[in-house]
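Structure first, then comments.
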Amino acid sequence: MTHRLLGEILKETANLSEDAVSEGLKQQKEKGGRLGEIFVKSGAITEEDLLEALSIQFNIPYLKSLPRDTEGDDYATKIPIHYLKRYQMVPIVDAGGVMIALNDPLLFQPVDDFRIVLGIDRMEPVLASSAEILSAINRAYDLSKDSAEQFIQDMDEEDSDRLISEIEETADLLDDTSDAPIIKLVNLIFSQAVKAPASDIHIESYQNELKVRYRIDGILYNTHTLPKKIHSTLVSRVKIMAKLDIAEKRLPQDGRIEIKLADKNIDIRVSTIPTTFGERVVLRLLDKANMLLDLEEIGLVKENLLVLRDIIQTPHGIILVTGPTGSGKTTSLYAVLNILNNPDINIMTIEDPVEYQLDGISQIQVNPKINLTFAKGLRSIVRQDPDVILVGEIRDLETAEIAVQSSLTGHLVFSTLHTNDAASAVTRLIDMGIEPFLVTSSVIAIFAQRLVRVICDQCKEAYVPDEESLQSVAIDGREILQGKTIYRGRGCDSCLNTGYKGRTGIFEAMIMNDDVRSLILKTSDAGQIKKEAIRHGMTTLSWDGVQKVLEGITTLEEIIRVTR
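First residue of the sequence shown? That's -14 in the working numbering, and the numbers climb one at a time after it.
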């Protein structure tokens, strides 16, 4: 049987032009290489186009996506991960037998070697994209299949110094083949945290034990209780990865680690402090791929979303986002900046720290060591001809004054404040020393927000809440239950038996209209300002939360937890 020419097939399946085929053949003659790869590199076709054509040419099935759950990945203990990544192939074991997913149908020898090592008589070839194959390899070699206890049993304190300095970081933690148990243990802690997914890792030393806790969806969970004797070695390994001084154990230190885990790039901020029983380490994990959300994804109801979209088109003024630490303020502001980010406007930010790099936006990192404060950086930004300015946080009178002046001279300024609700932000600015007339002239809107956990889809169930819970959110029981179904999570393996998976925002939006401005000029009492804003249609945090309870997104207990 003769194979059809690849170029001829691509003309039919991918509308490849005669000129593109001729150019590809010319390049192949001059520089060598595979014709299909030349077409893909030149942009004439996509990888999917090529795989579909190869499927026809070699009569091999093409799978757009590989099975996520297979019956066994025993090969992971017998074959090095580098071998599979080098040849871009992965076995898929299911009830129908063993398939071998390939990106190149001509890998006869490597496939045969692989089959012999595993002792398999026959493997059916299928074609798959590089990304799908890499993802399947990483799932099979996931370090979470090992246990912390295994690594601890292997550890030898006498060799701890050698183990710590044995290797530098690798490009991908899953590619790390070091036999050092402490290195395996740290990699395990990181990989499990990313998979959970956790926002923070706490390594805490006590009198007789060492605890590792993950913060998942805002709540801390104990994940590992380890022997106290490995504390020094574990902390030293983390410090080496963060390029910190392992000899200095009496002073706090801050550092940063960048790791790659499968197809995720994770930025880790490291903070160490000395405690009575040794150093305590907290690591903040930032998944660069998941940091930037669309405005529609942060949890705003339709009315507030329309209001925000309208307000951010204003040419000047201050828009504030308030809430406690970890309430998602920065994520919300990044979502707004992402909408405004166009080549025709100049956007500049000053942050502490810069949590996510935004293309097309100039970002400044606060650095107190060289006296680069919010106020000093903001003063310099104003001289850079910006249209939009983001100030990470208004912490003092000087920063507040410059932000107000910037808004009054034609700039749109975004910033955050640590207050409990929207109305309290006005009181806070006036308490700092900003004159009430300047607040009313510059501030155009204040958003307060919290993060609530989302009910797990896998174990969601309806129930009738008790009267005490209903009264806690100041809602009449009969009214809230009339014709409505309230949900909660029962708890399952998918959500680590918590009943929740993921988080969303609840918001209140206070728009500065004439009546609210007039009241602020008379009083800075947050209670009165809030009542006036509600009279003009402001939805409070509690009420926005109740709407999300009625929609089956979150629970009454979550609303009570974050709003009380």
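C-beta: ideal position from N, C-alpha, C; glycine also. Keep in mind that this is a model prediction, so the values were computed, not measured.
Check                                                                                                                                                                : Outcome
Flag this pair as yes or no: are the beta carbons of residue 399 and residue 378 separated by less than 9 Å?                                                         : no
Of all the alpha helix (DSSP H) runs that stay within the bounds of the stretch 19 to 68, which reach a length of 4 or more residues?                                : 20 to 27, 32 to 43
Name the two residues that bound the continuous beta strand (DSSP E) containing residue 212.                                                                         : 204 to 212
Report the residue from 341, 310, 494 whose alpha carbon sits nearest the alpha carbon of residue 319.                                                               : 341
Take every Cβ of the stretch 408 to 417, pair it with every Cβ of the stretch 282 to 300, and state whether three or more of those distances are shorter than 8 Å.   : no
Here's a check: name, in chain order, each residue in its chain whose Cβ is nearer than 7 Å to the Cβ of residue 51, leaving out the five neighbours to either side. : 77, 86, 113, 117, 121
If contacts are defined as beta-carbon pairs under 8 Å, then residue 385 and residue 419 qualify, I think. What distance do you get, rounded to the angstrom?        : 5 Å
Is the beta carbon of residue 347 closer than 9 Å to that of residue 324?                                                                                            : no
Compute the Euclidean distance between the alpha carbons of residue 150 and residue 165, then round it to the nearest angstrom.                                      : Unreliable positioning characterises residue 150 in this predicted model, as indicated by a pLDDT of 41, which lies under 50. The coordinate reading is nonetheless provided below. Answer to the nearest angstrom: the Cα atoms are 10 Å apart.
Just the C-alpha distance for residue 532 and residue 504, rounded to the nearest angstrom, thanks.                                                                  : 29 Å
What did DSSP end up calling residue 189 once you bin it into helix, strand or coil?                                                                                 : strand
To the nearest angstrom, report how far apart residue 23 and residue 97 are at their CA atoms.                                                                       : 27 Å
With 16 as the cutoff for other CB atoms within 10 Å, does residue 396 come out buried or exposed?                                                                   : buried
What does a CB cutoff of less than 8 Å around residue -11 pick up in its chain, not counting 5 residues either side in sequence?                                     : 41, 42
When DSSP labels each residue in this structure, what does residue 523 get in the three-state scheme?                                                                : coil
Just checking my contact of residue 314 with residue 401 at CB under 8 Å: how many whole Å lie between their CB atoms?                                               : 4 Å
Roughly how many angstroms separate the alpha carbons of residue 100 and residue 485, rounded to a whole number?                                                     : 43 Å
Which of helix, strand or coil does DSSP assign to residue 355?                                                                                                      : helix
Do you know offhand how far residue -9's Cα is from residue 109's?                                                                                                   : 22 Å
Nearest CA to the CA of residue 45: which residue from 82, 211, 89?                                                                                                  : 89
Three or more C-beta pairs closer than 8 Å, one from the stretch 232 to 247 and one from the stretch 259 to 267: is that the case here?                              : yes
State the Cα-Cα distance for the pair residue 554 and residue 70, rounded to the nearest angstrom.                                                                   : Because residue 554 is not part of the residues shown, which for the chain are -14 to 549, the question remains open.
So is residue 31 buried or exposed if we call it buried at 16+ other beta carbons inside 10 Å?                                                                       : exposed
What are the boundary residues of the beta strand (DSSP E) that residue 244 is part of?                                                                              : 238 to 246
Nearest CA to the CA of residue 123: which residue from 73, 171, 207, 4?                                                                                             : 73
Could you tell me how far apart the beta carbons of residue 278 and residue 316 are, in whole angstroms, since I believe they sit closer than 8 Å?                   : 6 Å
Provide the residue span of the beta strand (DSSP E) that contains residue 334, from first to last.                                                                  : 332 to 336
Confirm, please, whether the CB-CB distance from residue 223 to residue 179 is below 9 Å.                                                                            : no
Taking its Cβ as the centre, do 16 or more other Cβ atoms sit within 10 Å of residue 67, making it buried, or is it exposed?                                         : exposed
Below 9 Å between beta carbons: does that hold for residue 185 and residue 246?                                                                                      : no
Return the residue from the list 93, 94, 83, 125 that minimises the CA-CA distance to residue 107.                                                                   : 83
Starting from residue 400, trace the beta strand (DSSP E) both ways and give me its first and last residue.                                                          : 397 to 402
Which word fits residue 422, buried or exposed, when buried means at least 16 other C-beta atoms lie within 10 angstroms of its C-beta?                              : exposed
Using only CA atoms, which one of 188, 429, -5 lies nearest to residue 299?                                                                                          : 429
Between the C-alpha atoms of residue 406 and residue 497, what's the straight-line distance to the nearest angstrom?                                                 : 15 Å
Between the C-alpha atoms of residue 469 and residue 519, what's the straight-line distance to the nearest angstrom?                                                 : 25 Å
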